[in-house]
Amino acid sequence: MLNLPPDSVPQAPAQPTSSGRSTTDTERILEETRAHLELALDLAQMGTWDLDITHSRLQASARASFLHGMDAQPFDDDSRLFFDRLPVEERDRVRAAYTAALESRQDCLQMTYRFQMKDGTSRLIESRARIYRDEIGNPVKLAGTLLDITQQCAQAALEASEEKFAKAFHSSPDSITITEIESGRYVEVNDGFCRLTGFSAREVLGRTAHEIGIWTDTVQREFMIDELRQKGLMHHREMNGRDKKGAPLVLDVSVEFITLNNTACLLMNARDIGQLKSAQAQIQHLAYHDPLTGLPNRASWGERLEQEMADWQRDKNSLLVCILDLDHFKRINDGYGHLAGDKVLKIVANVFKKRLRPADFLARFGGEEFVMLLPATLLGTGLTLLDELRTAVELCPFHFKGERVTITVSIGLTALRTGERSDTAIKRADQALYKAKENGRNRVEQG
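Under UniProt numbering, the first residue of the sequence shown is numbered 1, with each subsequent residue one higher.
As structure tokens, then:
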């Protein structure tokens, strides 16, 4: 059954958990996914952190600890201890940015601050985070990444003397190129450019970017040119390109004007952020999806419910809320093992997905319980659709230990009523589900 928290208790986004059964297989899947993520984050040289706002407790990865001048070990303690070494003025600036973001309605936070190392040197850290809020908008959690951008910013500040410029140009791991403004031809490229694109210097010198086909998005390129004309430089713009073999590249690009041998030129610095973008996408997917079934999870359900409620209030269409619970699921786990239970959950999830319409939304709420939103759907149509789902589950040919096992599902359904809150409708759907269980299971009841 669906247990609703009191309205006064904010609920932070949470990963779904299985009730009454072992999670060995699920944990293995999640552990493998985390291992891939850790590898991607390590390659991207990123640290991660997670702040519980209510308890001021911060958890950070080993790389995040290292970026803050501590031993390269995971951190789990009072958040203030993590920022102790920041200069006072930097600490005040970070606190002000943090407070402003939490008090606003924005859901993302980005800031750059300077960190003082024990040896007297400083490190420039870029922090990006997502703000998670409860159902009434109070911030309850931040999760984000840390990236050391010291070298990148230092390169932009180097003097343009030939000796220093040449050293920075040729030793940089990033792709750096110089092109003539008038002709657009490459006059110099570094090894980073060759590694990134697969072109040799001899293949590109004297040719233009258009001739070698390195930029795939002409709109982005025109935007870059316009910004250069207006501001004289461009810093940290995401652009799409391709290498010599045509493989896509996602690049963080900075461009500025320089003069080389009395010739007006453009200096472009490009960093491959493909791995970073992939890692961020995987983190986002883990935060909003159930690792066993691949369905959206409880956190994703909360966001979608809020969105559908807004559409329902604006468009005055019907909106149905459904709760689906597998019958006697504990018997499957106890009688055939937890791997069999996991198999049932995955197959049932696929049965549901195949029969839903594009606008419908299905999530795994936890254990053997699923929730569903049917927008712009009349009650009669919803009852028919849900009964089709119920029948499809009942007809699935499950076989365990040589036995055919029938799996059934009980469903509670309700339509939102004018002026009511979503939690009121969810309670009513939960009561309808309870009624379906009381009336013999394997049925659809409306509330």
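Glycine residues also receive a C-beta, built at the ideal position from the N, C-alpha and C atoms.
Measure the C-alpha to C-alpha separation of Gly334 and Glu403 and round it to an integer number of angstroms.
Translated into positions along the sequence shown, residue 334 becomes position 334. Translated into positions along the sequence shown, residue 403 becomes position 403. According to the sequence displayed, residue 334 carries Asp and not Gly. One C-alpha to the other measures close to 15 Å.
Check the DSSP bridge columns for Cys322 and list the partner residues they point to.
For the purposes of this step, residue 322 is taken as the residue at position 322 of the sequence shown. Met372, Leu413, per the DSSP bridge assignment.
Could you pull out every residue in the same chain whose Cβ sits closer than 7 Å to the Cβ of Ile214, ignoring the five residues on either side in sequence?
The sequence position of residue 214 within the sequence shown is 214, counting from 1. Taken in chain order, the residues that qualify are Thr197, Gly241, Arg242.
Other residues of its chain near Ile407: CB distance less than 8 Å, five sequence neighbours each side excluded
Position 407 of the sequence shown holds residue 407. If we look at Ile407 and ignore the five residues flanking it on each side, its Cβ neighbours are Leu326, Asp327, Ile332, Val344, Val348, Val393, Glu394, Cys396, Phe398.
Indicate the three-state DSSP secondary structure (helix, strand or coil) for Ala160 in the structure shown.
Counting from 1 along the sequence shown, the entry for residue 160 is found at position 160. For Ala160, the pLDDT reaches just 43, beneath the cut-off of 50, and the residue's location in the model is therefore unreliable, leaving the point undetermined.
With distances taken Cα to Cα, identify the nearest neighbour of Leu205 among Val187, Trp301, His236, Phe193.
As a first step, residue 205 is located in the sequence shown; it is residue number 205 there, counting from the start. Across the set Val187, Trp301, His236, Phe193, the C-alpha of Val187 shows the shortest separation from the C-alpha of Leu205.
Strictly by DSSP, which residues pair up with Ile273?
Here the question's residue 273 lines up with position 273 in the sequence shown. DSSP output for Ile273 lists no bridge partner at all.
Is Leu433 buried or exposed, if buried means 16 or more other CB atoms sit within 10 Å of its CB?
Position 433 of the sequence shown, counted from the first residue, corresponds to residue 433. Buried, by the Cβ-count rule.
Output needed for Leu386: all residues of its chain with C-beta closer than 7 Å, excluding positions within five of it in sequence on either side, in chain order.
Locating residue 386 in the sequence shown gives position 386, counting from the first residue. The residues are Cys322, Ile411, Leu413, Val444.
Count the other CB atoms within 10 Å of the CB of Leu81; is the residue buried (16 or more) or exposed (fewer)?
Translated into the one-based positions of the sequence shown, residue 81 becomes position 81. That one is exposed.
Could you have a look at His285 and say whether DSSP puts it in helix, strand or coil?
Taking the sequence shown and counting its residues from 1, the one referred to as residue 285 is at position 285. His285 falls in the helix class under three-state DSSP.
Short check: CB of Leu142 to CB of Leu276, under 7 Å?
Taking the first residue of the sequence shown as position 1, residue 142 is located at position 142. Taking the first residue of the sequence shown as position 1, residue 276 is located at position 276. In this structure, Leu276 does not lie closer than 7 Å to Leu142 by Cβ.
Extent of the continuous alpha helix (DSSP H) to which residue 450 belongs:
There is simply no residue 450 to check, as the chain begins at 1 and stops at 447 in what is shown.
6 Å CB neighbourhood of Met239 in its chain, flanking five on each side removed
Walking along the sequence shown from the start, residue 239 turns up at place 239. Here the set comprises Gln220, Leu251, Val253.
Does the Cβ of Gly380 have 16 or more other Cβ atoms within 10 Å, making it buried, or fewer, making it exposed?
Position 380 of the sequence shown, counted from the start, is the residue given in the question as residue 380. With fewer than 16 other Cβ atoms within 10 Å, it is exposed.
Coil, strand or helix - Lys244 by DSSP:
Taking the sequence shown and counting its residues from 1, the one referred to as residue 244 is at position 244. Correct three-state label for Lys244: coil.
Every unbroken beta strand (DSSP E) inside the segment 349-408 [3 residues or more]
361-366, 369-375, 398-400, 403-405
Specify, as a first and last residue, the run of the beta strand (DSSP E) that Leu146 falls within.
For the purposes of this step, residue 146 is taken as residue 146 along the sequence shown, with counting starting at 1. Looking at the DSSP string, the run of the beta strand (DSSP E) that includes Leu146 is 139-148.
Among Arg229, Arg57, Leu378, Cys108, whose alpha-carbon lies nearest the alpha-carbon of Ser79?
One-based indexing of the sequence shown puts residue 79 at position 79. Closest in C-alpha terms to Ser79, from the list Arg229, Arg57, Leu378, Cys108, comes Arg57.
For Thr24, I'd like the list of residues in its chain whose CB is within less than 8 Å of its CB, leaving aside the five on either flank, ordered along the chain.
What you label residue 24 is simply residue 24 of the sequence shown in a count that begins at 1. If we look at Thr24 and ignore the five residues flanking it on each side, its Cβ neighbours are His338.
Taking the CB atoms as reference points, tell me whether Ser127 and Met309 lie closer together than 7 Å.
Here residue 127 refers to the residue found at position 127 of the sequence shown. Here residue 309 refers to the residue found at position 309 of the sequence shown. In this structure, Met309 does not lie closer than 7 Å to Ser127 by Cβ.
Would you please state the rounded distance, in angstroms, between the beta carbons of Asn442 and Arg390? I believe it to be under 8 Å.
Translated into the one-based positions of the sequence shown, residue 442 becomes position 442. Translated into the one-based positions of the sequence shown, residue 390 becomes position 390. Correct: roughly 7 Å between the Cβ atoms.
With a Cβ-Cβ cutoff of 7 Å, do Leu295 and Leu374 count as a contact?
For the purposes of this step, residue 295 is taken as the residue at position 295 of the sequence shown. For the purposes of this step, residue 374 is taken as the residue at position 374 of the sequence shown. The answer is no: Cβ separation not under 7 Å.
Quick one: grab the DSSP three-state call for Ile53.
In the sequence shown, the residue the question calls residue 53 occupies position 53. Three-state result, Ile53: coil.
Can you give, in chain order, each stretch of the beta strand (DSSP E) that sits fully within the UniProt domain "PAS" (161-208) and has at least 3 residues?
175-180, 186-189
With 16 as the cutoff for other CB atoms within 10 Å, does Phe169 come out buried or exposed?
If you number the sequence shown from 1, residue 169 lands on position 169. With 16 or more Cβ atoms within 10 Å of its Cβ, Phe169 is classed as buried.
Could you tell me the distance, in whole angstroms, from the CA atom of His210 to the CA atom of Thr259?
Position 210 of the sequence shown, counting from 1, holds the residue named residue 210. Position 259 of the sequence shown, counting from 1, holds the residue named residue 259. Each residue's Cα considered, the two are about 22 Å apart.
For Pro139, does the count of other Cβ atoms within 10 angstroms reach 16, so buried, or fall short, so exposed?
Taking the sequence shown and counting its residues from 1, one reaches residue 139 at position 139. Pro139 should be labelled buried.
Between the segment 262-277 and the segment 178-186, can you find at least three pairs of beta-carbon atoms closer than 8 Å?
yes
Suppose the cutoff is 7 Å on Cβ atoms and the five residues either side in sequence are ignored; what does the same chain contact list for residue 468 look like?
A query on residue 468 cannot be resolved here, the shown segment of the chain reaching from 1 to 447 and no further.
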